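For the protein sequence lines, the chains are A and B, in the order given.
Everything in the first sequence is counted per the numbering used here, starting at 187 for the first residue and increasing by one.
Everything in the second sequence is counted per the numbering used here, starting at -17 for the first residue and increasing by one.
Where a beta carbon is used, it is the ideal one built from N, C-alpha and C, also for glycine.
Keep in mind that this is a model prediction, so the values were computed, not measured.
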Amino acid sequence: MENTTSGAIGLLQKTELLFEYGRLDVSGVDVTPIANPQTRLGKMKRQQNPQLPGLTEPEAVRHYVRLSQRNYAIDLGMFPLGSCTMKHNPRLNEAMARLAGFADIHPLQPQSTVQGALELMHELSFWLTTLTGMQAVALSPKAGAHGEQCGMLAIRAALDANGQQHRRRVLVPKSAHGTNPATAAQCGFTVDEIGQTANGRVDFADFYAKLGDDVAAVMITNPNTCGLFEPQIKEIADAIHAAGGYFYCDGANFNAIVGKVKIAELGVDAMHINLHKTFSTPHGGGGPGSGPTVLSTALAPFAPVPLVVKTANGFELVENASGEAEQAFGRMVAFHGQMGMYVRALAYMLSHGGDGLKQVAEDAVLNANYILASLKDVMSPAFDGYCMHEALFDDSFLEGTGVTTLDFAKAMIDEGFHPMTMYFPLVVHGAMLIEPTETESKNTLDGFIASTRALAVAARSNDISKFDHAPHLAPSKRLDEVMAARKPVLKYV
Amino acid sequence: MRYLPLSDENRQSMLGAIGAKNVDDFFTDIPVFARLNAPIAELPSHKTELEVSRHLSAMAAKNVAAGSVPFFCGAGAYRHHVPASVDHIIQRSEFLTTYTPYQPEIAQGTLQTLFEFQTQVARLLDCEVANASMYDGSTACAEAVVMAARVTKRNKIIISGGVHPHYVAAAQTLAQNIGLEIMVLDASIDDEKAVIAHLASDIACVVVSCPNVFGTISDLSDISRAAQAQGSLVVGVFTEVMAFGLIEPLGAMGCDIVVGEGQSIGNALNFGGPYVGLFATREKYMRQMPGRLAGETVDLDGNRGFVLTLSTREQHIRREKATSNICTNSGLCALAFTVHLSLLGQKGLGQVAAKCHEMAVEVAQALESIDRVTVLTEAFFNEIAVSLPKPAAQVVDELAAKGVLGGVPYSRLDPNCSAQMRNVLLVAATETNTKDDIRALADALKEVL
Chain A
187 MENTTSGAIG LLQKTELLFE YGRLDVSGVD VTPIANPQTR LGKMKRQQNP QLPGLTEPEA
247 VRHYVRLSQR NYAIDLGMFP LGSCTMKHNP RLNEAMARLA GFADIHPLQP QSTVQGALEL
307 MHELSFWLTT LTGMQAVALS PKAGAHGEQC GMLAIRAALD ANGQQHRRRV LVPKSAHGTN
367 PATAAQCGFT VDEIGQTANG RVDFADFYAK LGDDVAAVMI TNPNTCGLFE PQIKEIADAI
427 HAAGGYFYCD GANFNAIVGK VKIAELGVDA MHINLHKTFS TPHGGGGPGS GPTVLSTALA
487 PFAPVPLVVK TANGFELVEN ASGEAEQAFG RMVAFHGQMG MYVRALAYML SHGGDGLKQV
547 AEDAVLNANY ILASLKDVMS PAFDGYCMHE ALFDDSFLEG TGVTTLDFAK AMIDEGFHPM
607 TMYFPLVVHG AMLIEPTETE SKNTLDGFIA STRALAVAAR SNDISKFDHA PHLAPSKRLD
667 EVMAARKPVL KYV
Chain B
-17 MRYLPLSDEN RQSMLGAIGA KNVDDFFTDI PVFARLNAPI AELPSHKTEL EVSRHLSAMA
43 AKNVAAGSVP FFCGAGAYRH HVPASVDHII QRSEFLTTYT PYQPEIAQGT LQTLFEFQTQ
103 VARLLDCEVA NASMYDGSTA CAEAVVMAAR VTKRNKIIIS GGVHPHYVAA AQTLAQNIGL
163 EIMVLDASID DEKAVIAHLA SDIACVVVSC PNVFGTISDL SDISRAAQAQ GSLVVGVFTE
223 VMAFGLIEPL GAMGCDIVVG EGQSIGNALN FGGPYVGLFA TREKYMRQMP GRLAGETVDL
283 DGNRGFVLTL STREQHIRRE KATSNICTNS GLCALAFTVH LSLLGQKGLG QVAAKCHEMA
343 VEVAQALESI DRVTVLTEAF FNEIAVSLPK PAAQVVDELA AKGVLGGVPY SRLDPNCSAQ
403 MRNVLLVAAT ETNTKDDIRA LADALKEVL
């Protein structure tokens, strides 16, 4: 890029750190002066200033607007990050979450003053249990991994209640999200990996061989991380139940099957649902999420507090493990979970309705299959046949080209697309996982396909100029991640 | 359907290109008995934007918004004024609708703001390093306990009677299944030092709070020295981050891990979430931290840039050996925190904090003048525990009936508390309160007692 005196490159402005030009004696907030100088701080007054610089409002707004322009976003273009479900975030949902009756209420106000909020939680619970056919839902988990924890702790509580404390082994496929084994370990289980077949499904024989009277549960993502539905899912459920364990289903990919499958019929005992995926609450650059967890009849009594129940006098929040929550495994978090996300998700559900949600799954799956079919002659699909909501390729089409999956992904940036998920799932060599979602038009998909095909053709004809040191056109060149980890600089000094 | 761009014509032509007859060809792996062949009958059909807005607005209208009444609830969530520009920034598409910054070349906006967030948090709490956020204060506290056990290779935890009971519960939920033993001391208005008597060479950490759930602020330095002499860590907890504009931060008092709720800066009450957990510690424990970390580096041109780093701690690399299972955190709430704190600076922060304290002192003075009401908290920032002549839960309901949200009964947080604690009301004030609010609270309280 050209060097300019200002450091800007046209529209792309220079982005200094706040600490490089903010001033310690400046504030962008005017505060009413103190009238009563009396204090009751004991001897606890802060001794040293925190060295936090301030900016006036015009400077602060410009600072963050400039930074924002260095981000890719779903509102800017296609973001086919497999496993992450980057779909359009309806703005109505933002407006609803900001209604004072939702945003400006305190979690510990008297329940009589928050009946509408409890009603909303109750209605969201109705949608989640009706869409899955499950008995109950725990709303409070703060994100997907927290929802996994909720399900696994409910399983643990059920086992303990039934005198099965010796069951502490959890079976997890090699293809699982890293959160699954991490969650199992965090809930005090040991993790036993199960393999996968050549067609990308759980190796039933390996699973079956690893069952035993110390097995607590199996955690299966369905559709799985290869973007495929597990056809033997009910056999797996039946086998784990027969062996005395429970079936945890990772619902990260529920977007592919919402309105198409009755989850309860598959023998699922617990499944978290990422409201920030299937029900389109914004990802916000890494959260907040929300991970309500639906539970079977067997696990429902062990759901964590709080719970919302409908009574003759309205809605009641059960906050303590007594009465109808007597067997609750405990509390996972202060207060009641991600209300802001509940409002957005319910707005999304109401907008789509039962009919629209079914269409969501069908269009998401159609879009992924269209990409798979349109690229399979120039790239290498990891598995034969149709996919669900995401198309998975391995890197065999790049063999001998010198181009890696990473290079290929970075070249996508120059084409104006967010790259696909790279190197995940781990069971596929050089994996590229493409999830278009249902909110992309055919026109956008065709543009994405044309760019991806052109790159694949270029790589295979050994024209590596688009890949070497890519991206070339992004706000930053490739960043040195090794240096960042070797000499960590985690704050401005 | 306004959110679905494919037309029926598109669908047909795409099916043709794929060589499929029907979209259901893609769903044949689903067992027949589990398939839903029509929209679920119990669910309504799609609605217009106007219909959805009416439906949800009607629900919202059934709630009493904090801003519409004299309002004094705290106990872990606080109502502060957030400048309009903060919400404007976090609603920018480029921040709102992006993902965890896995592709740093097109995510410098998010990464640099996280780096600024980490720097601000570390400076505010007076700690060496901070992570890029946790779900909230309670889960940050739970993770801190687990981290302390990992660092010390010990399994006993002592929690003071001043830590927010929900935080204690979240820590117990996480810790009890991985072989950690937690001892929780009796609820105490101002005795954080009670943990010292339980110190021993097998204690992983003590968990203490300042301000604590009763609003008490106290010097934790003696606790830190005593714990560290035994090789134990000190986890310092807070629920009101605005306090550190005015009072001594936990890092300065020798706490090894400092965790708490960051909601007060940048984030609305939201009925309890989403919030933003703050997590900070010493540099030597950096690789034991949970959560994301943004780090500085350079790009191929030698220009400064930022990336997610030290990810070998995390679940997507280490799987069952990860420091935590956390993946999605509170990115956008952390951004709101950073924008708000950039606007405040230490100057504005100090002024807002001083205003909060002023209002709390006024509340204390107003309540002290009421017969049979005792302010129990001696030194405080913006929250006080008040002893009433009858159960506080009953009093808040009676106050609500008079249009005053007068605080949080301690018994709501700890239903098994002593009879004495049952009469304790937690009352918080912030810069959003006025003298009229305080008068309304005092008048209403006199009437109901």
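Strand pairing of residue i, partner residues [DSSP]
| i | result |
| --- | --- |
| Asp708 (chain A) | In this structure chain A extends from 187 to 679, so residue 708 (chain A) is not present and cannot be described. |
| Arg17 (chain B) | A:Val447 |
| Lys231 (chain A) | B:Ile229 |
| Val166 (chain B) | B:Ile141 |
| Val241 (chain B) | B:Val219, B:Phe261 |
| Val358 (chain A) | A:Glu379 |
| Lys496 (chain A) | A:Phe501 |
| Asn257 (chain A) | B:Ala89 |
| Asn45 (chain B) | A:Val300 |
| Arg286 (chain B) | B:Val280 |
| Ala577 (chain A) | A:Ile620 |
Selection from the options that minimises the alpha carbon distance to residue i
| i | options | result |
| --- | --- | --- |
| Phe610 (chain A) | B:Leu431, B:Gln(-6), B:Ile299, B:Ala348 | B:Ile299 |
| Asn(-8) (chain B) | A:Leu631, A:Leu267, A:Val564 | A:Leu631 |
| Lys329 (chain B) | A:Thr190, A:Leu204, A:Val217, A:Val251 | A:Val217 |
| Gly214 (chain A) | B:Pro373, B:Ser67, B:His62 | B:Ser67 |
| Gly193 (chain A) | A:Asp549, A:Arg252, A:Asn222, A:Cys573 | A:Arg252 |
| Tyr60 (chain B) | B:Thr82, B:Ala208, B:Glu222 | B:Glu222 |
| Asp6 (chain B) | A:Val447, A:Tyr258, A:Met598 | A:Val447 |
| Lys372 (chain B) | B:Cys399, B:Arg354, B:Thr359 | B:Arg354 |
| Val64 (chain B) | B:Ile141, B:Val189, B:Val321, B:Asp172 | B:Val321 |
Helix, strand or coil at residue i [DSSP, three-state]
| i | result |
| --- | --- |
| Glu191 (chain B) | Checking the sequence, you will find Ser at residue 191 (chain B) rather than Glu. Reduced to three states, the DSSP call for Ser191 (chain B) is strand. |
| Met525 (chain A) | helix |
| Leu552 (chain A) | helix |
| Gln382 (chain A) | strand |
| Ile698 (chain A) | With chain A represented from 187 up to 679, any question about residue 698 (chain A) goes unanswered, as that position is not in the structure. |
| Ala367 (chain B) | strand |
| Ser39 (chain B) | helix |
| Glu350 (chain B) | helix |
| Leu323 (chain B) | helix |
| Asn430 (chain B) | Note that residue 430 (chain B) is Val in the sequence shown, not Asn. It is helical. |
| Gly196 (chain A) | coil |
| Leu267 (chain A) | strand |
| Val212 (chain A) | coil |
| Gly477 (chain A) | coil |
| Met608 (chain A) | strand |
| Arg132 (chain B) | helix |
Heavy atom of the ligand ADP within 6 Å of residue i beta-carbon
| i | result |
| --- | --- |
| Ser35 (chain B) | Among the ligands in the structure shown, none appear at all, so the ligand ADP cannot be discussed. |
TODO: Please confirm if the stretch 281 to 290 of chain A is in contact with the stretch 35 to 45 of chain B, defined as three or more CB-CB distances below 8 Å between the two stretches.
DONE: At 8 Å Cβ cutoff, the stretches touch.
Open item on the list: When you compare the stretch 486 to 497 of chain A with the stretch 220 to 230 of chain B, are there three or more beta-carbon pairs, one atom per stretch, that lie closer than 8 Å?
Closed with: No contact exists between the stretch 486 to 497 of chain A and the stretch 220 to 230 of chain B.
Open item on the list: Taking beta-carbon pairs under 8 Å, can you tell me which members of the stretch 487 to 516 of chain A lie near chain B?
Closed with: Residues of the stretch 487 to 516 of chain A with a Cβ closer than 8 Å to any Cβ of chain B, in chain order: Pro490, Glu505, Asn506, Ser508, Phe515, Gly516.
Task: Three-pair Cβ contact test at 8 Å for the stretch 268 to 276 of chain B versus the stretch 58 to 77 of chain B - done: Using a Cβ-Cβ distance cut-off of 8 Å, the stretch 268 to 276 of chain B and the stretch 58 to 77 of chain B are not in contact, since fewer than three pairs of beta carbons, one from each stretch, lie closer than that value.
Open item on the list: At a CB distance below 8 Å, what residues from the stretch 359 to 376 of chain B approach chain A? Give them in sequence order.
Closed with: When C-beta distances to chain A are compared with 8 Å, the residues of the stretch 359 to 376 of chain B below that value are Glu360, Ala361, Phe362, Phe363, in chain order.
Task: Within 7 Å of chain B by C-beta, residues of the stretch 267 to 283 of chain A in sequence order - done: Listed by position along the chain: Leu267, Cys270, Met272, His274, Asn275, Pro276, Leu278, Glu280, Met282.
Task: the stretch 265 to 281 of chain A contacting the stretch 612 to 624 of chain A, beta-carbon criterion three pairs below 8 Å - done: Taking a cut-off of 8 Å for Cβ pairs, the stretch 265 to 281 of chain A and the stretch 612 to 624 of chain A touch, as three or more such pairs fall below it.
Task: Interface residues of the stretch 411 to 423 of chain A facing chain B [CB-CB below 8 Å] - done: For the stretch 411 to 423 of chain A, the set of residues with a beta-carbon nearer than 8 Å to any beta-carbon of chain B comprises Leu414, Phe415, Glu416, Pro417, Ile419, Lys420, in chain order.
TODO: Closer than 8 Å, Cβ to Cβ, to anything on chain B: give me those residues from the stretch 289 to 306 of chain A, in chain order.
DONE: Here the close residues are Ala289, Asp290, Ile291, His292, Pro293, Leu294, Gln295, Pro296, Ser298, Thr299, Val300, Gln301, Gly302, Ala303, Glu305, Leu306.
TODO: Give the residues from the stretch 372 to 386 of chain A that approach chain B closer than 7 Å (Cβ to any Cβ), ordered along the chain.
DONE: So the close ones are Gln372, Cys373, Gly374, Val377.
Task: Residues of the stretch 448 to 472 of chain A whose Cβ lies closer than 9 Å to any Cβ of chain B, in chain order - done: Of all residues in the stretch 448 to 472 of chain A, only Lys448, Ile449, Ala450, Glu451, Leu452, Asn460, His462, Ser466, Pro468, His469, Gly470, Gly471, Gly472 place a beta-carbon less than 9 Å from a beta-carbon of chain B.
- [ ] Pair every Cβ in the stretch 76 to 96 of chain B with every Cβ in the stretch 595 to 607 of chain A, then say whether three or more of these pairs are closer than 8 Å.
- [x] As far as the Cβ criterion goes, the stretch 76 to 96 of chain B touches the stretch 595 to 607 of chain A, which means the pair count is three or higher.
Task: the stretch 505 to 525 of chain A contacting the stretch 450 to 459 of chain A, beta-carbon criterion three pairs below 8 Å - done: No contact exists between the stretch 505 to 525 of chain A and the stretch 450 to 459 of chain A.
Task: Contact list for the stretch 285 to 300 of chain B against chain A, Cβ threshold 9 Å - done: From the stretch 285 to 300 of chain B, only Asn285, Arg286, Gly287, Phe288, Val289, Leu290, Thr291, Leu292, Ser293, Thr294, Glu296, Gln297, His298, Ile299, Arg300 have a Cβ closer than 9 Å to chain A.
Task: Against chain B: residues of the stretch 323 to 350 of chain A by CB proximity under 8 Å - done: Of all residues in the stretch 323 to 350 of chain A, the ones placed with a Cβ closer than 8 Å to any Cβ belonging to chain B are Lys328, Ala329, Gly330, Ala331, His332, Glu334, Gln335, Leu339, Arg342, in chain order.
- [ ] Evaluate the contact criterion for the stretch 349 to 356 of chain A versus the stretch 527 to 544 of chain A: three or more CB pairs, one atom per stretch, below 8 Å.
- [x] A contact between stretches requires three or more CB pairs, one per stretch, nearer than 8 Å, and the stretch 349 to 356 of chain A fails this requirement with the stretch 527 to 544 of chain A.
- [ ] Spell out a yes or no on whether the stretch 126 to 137 of chain B and the stretch 203 to 211 of chain B are touching, meaning 3 or more CB-CB pairs, one atom from each, closer than 8 Å.
- [x] When Cβ pairs closer than 8 Å are counted between the two stretches, the stretch 126 to 137 of chain B is seen not to touch the stretch 203 to 211 of chain B, the count staying below three.
Task: Stretch-stretch touch, CB-based, cutoff 8 Å, three pairs: the stretch 517 to 526 of chain A with the stretch 1 to 15 of chain B - done: The stretch 517 to 526 of chain A vs the stretch 1 to 15 of chain B: no contact.
Task: the stretch 481 to 495 of chain A in contact with the stretch 119 to 130 of chain B per 3-pair CB rule at 8 Å - done: Touching, no.
TODO: Residues of the stretch 635 to 665 of chain A with a CB closer than 8 Å to any CB of chain B: list them in chain order, please.
DONE: Answer set for the stretch 635 to 665 of chain A: His655, Pro657, Ala660, Pro661, Ser662, Lys663, Arg664, Leu665.
Task: Interfacial residues, the stretch 252 to 274 of chain B to chain A, with Cβ spacing under 7 Å - done: From the stretch 252 to 274 of chain B, only Asn252, Phe253, Gly254, Gly255, Pro256, Met268, Arg274 have a Cβ closer than 7 Å to chain A.
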